[in-house]
Amino acid sequence: MTSSDNLPLNELEKELLDPNSECYLENLLDVVSALVSDCDFPSAKNSKSVQSFLKKYSQAAKIIESRRTKYNDFELIKVIGQGGFGRVELARHKRTRRVYAIKLMSKQHLLDHSQSGYWEERDVMVKASSEWLVACHYAFLVSSNYML
Numbered sequence: 103m104t105s106s107d108n109l110p111l112n113e114l115e116k117e118l119l120d121p122n123s124e125c126y127l128e129n130l131l132d133v134v135s136a137l138v139s140d141c142d143f144p145s146a147k148n149s150k151s152v153q154s155f156l157k158k159y160s161q162a163a164k165i166i167e168s169r170r171t172k173y174n175d176f177e178l179i180k181v182i183g184q185g186g187f188g189r190v191e192l193a194r195h196k197r198t199r200r201v202y203a204i205k206l207m208s209k210q211h212l213l214d215h216s217q218s219g220y221w222e223e224r225d226v227m228v229k230a231s232s233e234w235l236v237a238c239h240y241a242f243l244v245s246s247n248y249m250l
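Quick note: to get our numbering, add 102 to the position in the sequence shown (first position is 1).
If you want it as structure tokens, here you go:
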């Protein structure tokens, strides 16, 4: 096998590891988790294709969720802001002891008022490389809140 045979794989690997790529691995893991979560409702489970999808990917979603950083990995220091879309908390990562601001946004509010703002903000924060913009270190989805 020549190096040119590996070119598509090398290109895909670059895409998976590039935070600016639509195929960034963290984004794809988010997609799997969100799809399984959103399909796991009685009304959605009436569909055979949804049942098949859940049968195939529910365990993968559980593995992804169990190994990724999650909200429970942080301890609340204090609430530093409150607004119409949610609140911002100052929290310390339990293992590393690093301090982060965590923005919690109501999932229901975003569903009622278009999620595009959440995704745009998340993408800007993930792709930001400026000292003037806040960087996104983690993004979480729990039953009632999106968190950045």
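Cβ coordinates follow ideal geometry from the N, Cα and C atoms, glycine included.
The model shown is predicted, which means the values in this text are computed figures rather than measured ones.
Residue from the options whose Cα sits closest to the Cα of residue i
i: V201; options: F176, C125 and V138; result: F176
i: H195; options: W234, L178 and G185; result: L178
i: L143; options: V133, K172, S160 and L130; result: Reading off the sequence, residue 143 comes out as Phe, not Leu. Looking at the Cα atoms, S160 is the closest of the given residues.
i: A162; options: D140, N122 and V134; result: V134
i: E128; options: E167, C141, G185 and S145; result: E167
i: K180; options: T198, K158, K205 and K157; result: K205
i: D214; options: S232, S246 and E233; result: S246
Contact belief for residue i with residue j at Cβ below 8 Å, rounded distance in angstroms
i: M207; j: G188; result: 4 Å
i: Y173; j: V236; result: With 8 Å as the limit, Y173 and V236 do not qualify as a contact, their Cβ atoms being about 18 Å apart.
i: L118; j: Y126; result: 7 Å
i: Y240; j: T198; result: Not really, about 12 Å apart at Cβ, beyond 8 Å.
i: C141; j: L156; result: 6 Å
CB contact check: residue i to chain B, cutoff 8 Å
i: L131; result: Of the protein chains in the structure, only one exists, and it is not chain B.
CA-to-CA distance, residue j to residue i, given in whole angstroms
i: R169; j: L109; result: 30 Å
i: Q153; j: K147; result: 6 Å
i: K209; j: E191; result: 17 Å
i: G185; j: A203; result: 15 Å
i: S149; j: K164; result: 21 Å
Start-to-end residues for the alpha helix (DSSP H) that takes in residue i
i: E113; result: L109 to L119
i: C141; result: L127 to C141
i: S154; result: K150 to R169
For residue i: DSSP bridge partner residues
i: A193; result: L178 and Y202
i: Q184; result: R189
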